[in-house]
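Colleague: Could you have a look at this structure, given as structure tokens, before my questions?
There are 2 protein chains.
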Amino acid sequence: MGQKIIGIDVGGTKVAGGLVDRKGRLVESQIVPTHADKGFDKSYAQVIHLIGRLLRAAGGKENVGGIGICAPGPLNPKTGVVLNPPNLPGWRNIELAKMVGKEFGLPARLENDANAAGLAEVLFGAAVGYKDVFYVTVSTGVGTGIIINRKIYHGKNGIAGEGGHVSIDYRSPYRCGCGTYGDIEALAAGPGMARRARVMLEQEHNLPSVLRELAHGRAEEISPLMIQQAARQGDRVAKAILDETGFLLGFWLAGMISLFDPEAIVIGGGVSHIGKPLFDKIRSTIPKHTINGFAAQTPVLPAKLRTNVGVYGAAAIFLPAGEEAES
Amino acid sequence: MGQKIIGIDVGGTKVAGGLVDRKGRLVESQIVPTHADKGFDKSYAQVIHLIGRLLRAAGGKENVGGIGICAPGPLNPKTGVVLNPPNLPGWRNIELAKMVGKEFGLPARLENDANAAGLAEVLFGAAVGYKDVFYVTVSTGVGTGIIINRKIYHGKNGIAGEGGHVSIDYRSPYRCGCGTYGDIEALAAGPGMARRARVMLEQEHNLPSVLRELAHGRAEEISPLMIQQAARQGDRVAKAILDETGFLLGFWLAGMISLFDPEAIVIGGGVSHIGKPLFDKIRSTIPKHTINGFAAQTPVLPAKLRTNVGVYGAAAIFLPAGEEAES
Numbered sequence: 483m484g485q486k487i488i489g490i491d492v493g494g495t496k497v498a499g500g501l502v503d504r505k506g507r508l509v510e511s512q513i514v515p516t517h518a519d520k521g522f523d524k525s526y527a528q529v530i531h532l533i534g535r536l537l538r539a540a541g542g543k544e545n546v547g548g549i550g551i552c553a554p555g556p557l558n559p560k561t562g563v564v565l566n567p568p569n570l571p572g573w574r575n576i577e578l579a580k581m582v583g584k585e586f587g588l589p590a591r592l593e594n595d596a597n598a599a600g601l602a603e604v605l606f607g608a609a610v611g612y613k614d615v616f617y618v619t620v621s622t623g624v625g626t627g628i629i630i631n632r633k634i635y636h637g638k639n640g641i642a643g644e645g646g647h648v649s650i651d652y653r654s655p656y657r658c659g660c661g662t663y664g665d666i667e668a669l670a671a672g673p674g675m676a677r678r679a680r681v682m683l684e685q686e687h688n689l690p691s692v693l694r695e696l697a698h699g700r701a702e703e704i705s706p707l708m709i710q711q712a713a714r715q716g717d718r719v720a721k722a723i724l725d726e727t728g729f730l731l732g733f734w735l736a737g738m739i740s741l742f743d744p745e746a747i748v749i750g751g752g753v754s755h756i757g758k759p760l761f762d763k764i765r766s767t768i769p770k771h772t773i774n775g776f777a778a779q780t781p782v783l784p785a786k787l788r789t790n791v792g793v794y795g796a797a798a799i800f801l802p803a804g805e806e807a808e809s
Numbered sequence: 483m484g485q486k487i488i489g490i491d492v493g494g495t496k497v498a499g500g501l502v503d504r505k506g507r508l509v510e511s512q513i514v515p516t517h518a519d520k521g522f523d524k525s526y527a528q529v530i531h532l533i534g535r536l537l538r539a540a541g542g543k544e545n546v547g548g549i550g551i552c553a554p555g556p557l558n559p560k561t562g563v564v565l566n567p568p569n570l571p572g573w574r575n576i577e578l579a580k581m582v583g584k585e586f587g588l589p590a591r592l593e594n595d596a597n598a599a600g601l602a603e604v605l606f607g608a609a610v611g612y613k614d615v616f617y618v619t620v621s622t623g624v625g626t627g628i629i630i631n632r633k634i635y636h637g638k639n640g641i642a643g644e645g646g647h648v649s650i651d652y653r654s655p656y657r658c659g660c661g662t663y664g665d666i667e668a669l670a671a672g673p674g675m676a677r678r679a680r681v682m683l684e685q686e687h688n689l690p691s692v693l694r695e696l697a698h699g700r701a702e703e704i705s706p707l708m709i710q711q712a713a714r715q716g717d718r719v720a721k722a723i724l725d726e727t728g729f730l731l732g733f734w735l736a737g738m739i740s741l742f743d744p745e746a747i748v749i750g751g752g753v754s755h756i757g758k759p760l761f762d763k764i765r766s767t768i769p770k771h772t773i774n775g776f777a778a779q780t781p782v783l784p785a786k787l788r789t790n791v792g793v794y795g796a797a798a799i800f801l802p803a804g805e806e807a808e809s
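These protein sequence lines are chains A and B, in that order. For the first sequence, the positions run 483 to 809 when our numbering is used. For the second sequence, the positions run 483 to 809 when our numbering is used.
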């Protein structure tokens, strides 16, 4: 089939879109601002505008097999409904897949960010050649996607795969927005990393650290990027925080391996760009904390798709291995 | 098809076997001692002896469609090899499925206890009518089985579904045999319950509890059964231990629901016989500790199959919905 797929990645600040061919090549790519602060009508118009442009770039709708859309959760991929994402104000119970499909007379599907990114890594990225993969994206939150037999596992209500909200510390003082305590998102995502650095510096006033200078003496302004910079300069506090982040992620992933016995784990998102020191610690921690005797041989791969992962992911839900995705 | 399936449940003390028809009815059931202490040859002979008896009861091998065997892990259901179960001394890397199949000229398959029990609950027990189920058995350990689309999820090496070794307390002083700390098996299975009661009584010497009498003053002899008895008599310590067990299991299951968004959870095993006080606490804890907004509506069901669950489970791996199990 010569038809291409339109992939649309709706974010809080921009809507990215592209045309992906059946071989998984991104042959066209465009971006428009979301104007999320102007409410649903305005930001939805931006989505429609972008799809229109991509349809023209494709030479008309007869050359397009479908429109895949990914957006931040909560949403229901089975019904195509966006529930109420915190960073898209005014988007409440929007039947996005149905509306877009009707607007253009083309099949349209909706998927959440992390699931789509995980599928994209399996079809086009770091996990090509694998079928059963546990995907993780660590940035301001921890998103995960469960890919089984090259398909996204959705569960009953379409909201499976929320591994970021699995706790490894039921006695933790840190409560997540989801209600639980000590889940890996609360402990190891960007804000959790920054908090751990802050607590360490506040508890030990005399501990020397370039983080104090980088944050201009204001511990509350420490960011994951500062921690990464400081660690590169050899700062001990920053290195300890990165090391602990790797331990926490590795400990949590050990449990995921006990459950899923996956062929591979893929880790993406901003925090994963820390690279080798983080991955080394994750890889050395995992085998010590799982019953799975093959854990040391389970590849823990850095994600390959970066800026366009959302567009690839949105398109992926329409490509061959995604066709029979559970509904 | 009028053919029946032979189900064999190999345990440390007895081998239970039965004939199950295609409608899931147990039409014949027999038990022989395992003689595990006499080594592999002797206990394997018991398995073969029992299968022979069941074949005769079926009226010959032309009336039997296959032999399903479940055994304690670790084992590999994909290759049919028993690795080295702690309670079957001398069973090391035994190609059990192949050996049994050859012995009788019939197809034979191997599955681990918890997976088989979970599938049996879906096909014949508490979860009939559901496709995607998370099964838990709590006794001296915590075993789990992940059933997706009425099939056991095996993972790459055949050892997926080990949810009992997922930790909810990475800072726990309690180390599990698997190497990790604070997994739900270490915290909430029978020995974990008994340990928590013992610690409570040892730390507070003046705390009154009938558990002291039941254990004849020897805190190290407190058993889960004693805790259950004492709780029925209104004992506060015992009730607190059961309550905490329900909380721990509920907290852990909340994470499983975030991951799997299952249609139902089924809980079996000796500890589950505590019944209502335990299930009430589990059910009230789950929705507070998951991002899944449907968690309060996810049924948490007591297992239905009891004494013969192993035989049903072993047969289940040959019955229709099990036929296409991933390999």
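Beta carbons are placed, not taken as given, at the ideal position from N, Cα and C, and that holds for glycine.
Is the CB of residue 651 of chain A under 7 Å away from at least one CB in chain B?
Modeller: Here the question's residue 651 of chain A lines up with position 169 in the first sequence. Yes, because at least one Cβ of chain B sits closer than 7 Å to the Cβ of residue 651 of chain A.
Colleague: State the Cα-Cα distance for the pair residue 684 of chain A and residue 703 of chain A, rounded to the nearest angstrom.
Modeller: As a first step, residue 684 of chain A must be located in the first sequence, where it is residue number 202. As a first step, residue 703 of chain A must be located in the first sequence, where it is residue number 221. Those two C-alpha atoms are separated by around 13 Å.
Colleague: Three or more C-beta pairs under 8 Å: does that hold for the region 754-766 of chain B against the region 726-743 of chain B?
Modeller: Touching, yes, given that three or more Cβ pairs across the two stretches are closer than 8 Å.
Colleague: Excluding the 5 residues preceding and the 5 following residue 761 of chain A in the sequence, name in chain order all residues of the same chain whose CB lies nearer than 7 Å to its CB.
Modeller: Here residue 761 of chain A corresponds to residue number 279 of the first sequence, with the count starting at 1. Correct list, in chain order: 782, 784.
Colleague: Count the C-beta pairs between the region 708-720 of chain A and the region 734-747 of chain A that are closer than 8 Å, then say yes if the count reaches three, no if not.
Modeller: The region 708-720 of chain A vs the region 734-747 of chain A: no contact.
Colleague: Which residues of the region 725-751 of chain B have a Cβ closer than 7 Å to any Cβ of chain A? Give them in chain order.
Modeller: Correct list: 733, 736, 737, 740, 741, 742, 743, 744, 745.
Colleague: Whole angstroms are fine: how far does the CA of residue 772 of chain B sit from the CA of residue 793 of chain A?
Modeller: Position 311 of the first sequence, counting from 1, holds the residue named residue 793 of chain A. Position 290 of the second sequence, counting from 1, holds the residue named residue 772 of chain B. In a straight line, the C-alpha of residue 793 of chain A is about 29 Å away from that of residue 772 of chain B.
Colleague: Report buried or exposed for residue 507 of chain A, applying the criterion of at least 16 other Cβ atoms within 10 angstroms of its Cβ.
Modeller: Your numbering for residue 507 of chain A matches position 25 in the first sequence. Exposed, by the Cβ-count rule.
Colleague: I'd like to know whether the C-beta of residue 786 of chain B is nearer than 7 Å to at least one C-beta of chain A.
Modeller: The sequence position of residue 786 of chain B within the second sequence is 304, counting from 1. No, residue 786 of chain B does not count as interfacial toward chain A.
Colleague: Are the beta-carbon atoms belonging to residue 552 of chain B and residue 598 of chain B less than 7 Å from one another?
Modeller: Here residue 552 of chain B is taken as the residue at index 70 of the second sequence, counted from 1. Here residue 598 of chain B is taken as the residue at index 116 of the second sequence, counted from 1. For residue 552 of chain B and residue 598 of chain B, yes; Cβs fall inside 7 Å.
Colleague: Mind checking the region 654-688 of chain A against chain B and listing, in chain order, the residues whose C-beta falls within less than 7 Å of any C-beta there?
Modeller: From the region 654-688 of chain A, only 660, 661, 662 have a Cβ closer than 7 Å to chain B.
Colleague: Would you call residue 554 of chain A buried or exposed, if buried means 16 or more other Cβ atoms sit within 10 Å of its Cβ?
Modeller: Reading the first sequence from its first residue, position 72 is the one you call residue 554 of chain A. That one is buried.
Colleague: In chain B, which residues lie with their C-beta within 7 Å of the C-beta of residue 642 of chain A?
Modeller: Mapped onto the first sequence, residue 642 of chain A falls at position 160. What residue 642 of chain A touches in chain B: 741, 742, 743.
Colleague: Looking at the structure shown, is residue 645 of chain B part of a helix, part of a strand, or coil, going by DSSP?
Modeller: Your numbering for residue 645 of chain B matches position 163 in the second sequence. Helix, per DSSP.
Colleague: Of the residues that make up the region 515-538 of chain B, which ones have a beta carbon closer than 9 Å to any beta carbon in chain A?
Modeller: Within the region 515-538 of chain B, no residue qualifies.
Colleague: Give the straight-line distance between the Cα atoms of residue 650 of chain B and residue 713 of chain B, rounded to the nearest whole angstrom.
Modeller: Translated into the one-based positions of the second sequence, residue 650 of chain B becomes position 168. Translated into the one-based positions of the second sequence, residue 713 of chain B becomes position 231. Going by the C-alpha atoms only, they are around 26 Å apart.
Colleague: Going by C-alpha to C-alpha distance, which of A:768, A:676, A:521 sits closest to residue 662 of chain B?
Modeller: Within the second sequence, residue 662 of chain B is the residue found at index 180, counting from 1. Residue A:768 is the option with its Cα nearest to residue 662 of chain B.
Colleague: Any idea which residues DSSP pairs residue 548 of chain B with across the strands?
Modeller: Along the second sequence, one-based indexing puts residue 548 of chain B at 66. Residue 548 of chain B pairs with B:487.
Colleague: Between the region 528-535 of chain A and the region 602-615 of chain A, do three or more beta carbon pairs fall short of 8 Å?
Modeller: Too few Cβ pairs lie closer than 8 Å, so no.
Colleague: What residues match up with residue 657 of chain A in a beta bridge as DSSP calls it?
Modeller: The sequence position of residue 657 of chain A within the first sequence is 175, counting from 1. DSSP output for residue 657 of chain A lists A:663 as bridge partner(s).
Colleague: In or out: residue 763 of chain A buried (at least 16 other Cβ within 10 Å) or exposed?
Modeller: What you label residue 763 of chain A is simply residue 281 of the first sequence in a count that begins at 1. That one is buried.
Colleague: Between the beta-carbon of residue 559 of chain B and the beta-carbon of residue 592 of chain B, is there less than 7 Å?
Modeller: Here residue 559 of chain B refers to the residue found at position 77 of the second sequence. Here residue 592 of chain B refers to the residue found at position 110 of the second sequence. A contact, by the Cβ cut-off of 7 Å.
Colleague: Establish whether the CB of residue 799 of chain A and some CB of chain B are separated by less than 7 Å.
Modeller: Numbered from 1 along the first sequence, position 317 holds the residue referred to as residue 799 of chain A. No, because no Cβ of chain B sits closer than 7 Å to the Cβ of residue 799 of chain A.
Colleague: Short of 7 Å Cβ to Cβ, which residues in the region 760-781 of chain B face chain A?
Modeller: Going along the region 760-781 of chain B in chain order, one finds 770, 771, 772, 773, 774, 776 with a Cβ nearer than 7 Å to chain A.
Colleague: Give the straight-line distance between the Cα atoms of residue 483 of chain B and residue 748 of chain A, rounded to the nearest whole angstrom.
Modeller: To locate residue 483 of chain B, count along the second sequence from 1; it is residue 1. To locate residue 748 of chain A, count along the first sequence from 1; it is residue 266. Below a pLDDT of 50, predicted positions are generally treated as unreliable, and residue 483 of chain B, at 48, falls in that range; the measurement from the model is reported next regardless. Taking the straight line from one Cα to the other gives about 45 Å.
Colleague: Starting from residue 576 of chain B, trace the alpha helix (DSSP H) both ways and give me its first and last residue.
Modeller: If you number the second sequence from 1, residue 576 of chain B lands on position 94. Neither: residue 576 of chain B is in no alpha helix (DSSP H) and is coded neither H nor E.
Colleague: With residue 759 of chain B as the anchor, note down where its alpha helix (DSSP H) starts and where it stops.
Modeller: Locating residue 759 of chain B in the second sequence gives position 277, counting from the first residue. Start and end: 758-767.
Colleague: Can you list the alpha helix (DSSP H) stretches of 4 or more residues lying completely in the region 668-704 of chain A, in chain order?
Modeller: Listed in chain order, the complete alpha helix (DSSP H) runs (minimum 4 residues) inside the region 668-704 of chain A are 672-685, 692-696.
Colleague: Are the CB atoms of residue 623 of chain A and residue 671 of chain A within a distance shorter than 7 Å?
Modeller: The sequence position of residue 671 of chain A within the first sequence is 189, counting from 1. The sequence position of residue 623 of chain A within the first sequence is 141, counting from 1. Taking 7 Å as the Cβ cut-off, residue 671 of chain A and residue 623 of chain A qualify as a contacting pair.
Colleague: Where are the alpha helix (DSSP H) runs, 4 residues long or more, that stay fully inside the region 710-797 of chain A, in chain order?
Modeller: DSSP runs (the alpha helix (DSSP H)) wholly in the region 710-797 of chain A: 718-742, 758-767.
Colleague: Closer than 7 Å by C-beta to residue 625 of chain A: which residues in its own chain qualify, once you throw out the five before and the five after it? Chain order, please.
Modeller: Looking up residue 625 of chain A in the first sequence gives position 143. 595, 596, 619, 646, listed in sequence order.
Colleague: So which residues on chain B does residue 614 of chain A lean against when the C-beta distance must stay under 8 Å?
Modeller: Your numbering for residue 614 of chain A matches position 132 in the first sequence. Near residue 614 of chain A (Cβ distances below 8 Å), the residues of chain B are 637, 638.
Colleague: Given this structure, state the Cα-to-Cα distance separating residue 564 of chain A from residue 800 of chain A, to the nearest angstrom.
Modeller: Residue numbering aside, residue 564 of chain A sits at position 82 when the first sequence is read from its first letter. Residue numbering aside, residue 800 of chain A sits at position 318 when the first sequence is read from its first letter. So the two alpha carbons sit approximately 18 Å from each other.
Colleague: Nearest to residue 789 of chain A by CA position, among A:512, A:505, A:698, is which residue?
Modeller: What you label residue 789 of chain A is simply residue 307 of the first sequence in a count that begins at 1. When only C-alpha atoms are compared, the closest one is A:512.
Colleague: Grouping DSSP H, G and I as helix and E and B as strand, with all else coil, what is residue 525 of chain A?
Modeller: As a working mapping, residue 525 of chain A is identified with position 43 in the first sequence. Looking at residue 525 of chain A - three-state DSSP - the assignment turns out to be helix.
Colleague: Taking the straight line between their C-alpha atoms, what separation do you get for residue 778 of chain B and residue 639 of chain A?
Modeller: The residue labelled residue 778 of chain B in the question sits at position 296 within the second sequence. The residue labelled residue 639 of chain A in the question sits at position 157 within the first sequence. Near 13 Å, if we compare the C-alpha coordinates of residue 639 of chain A and residue 778 of chain B.
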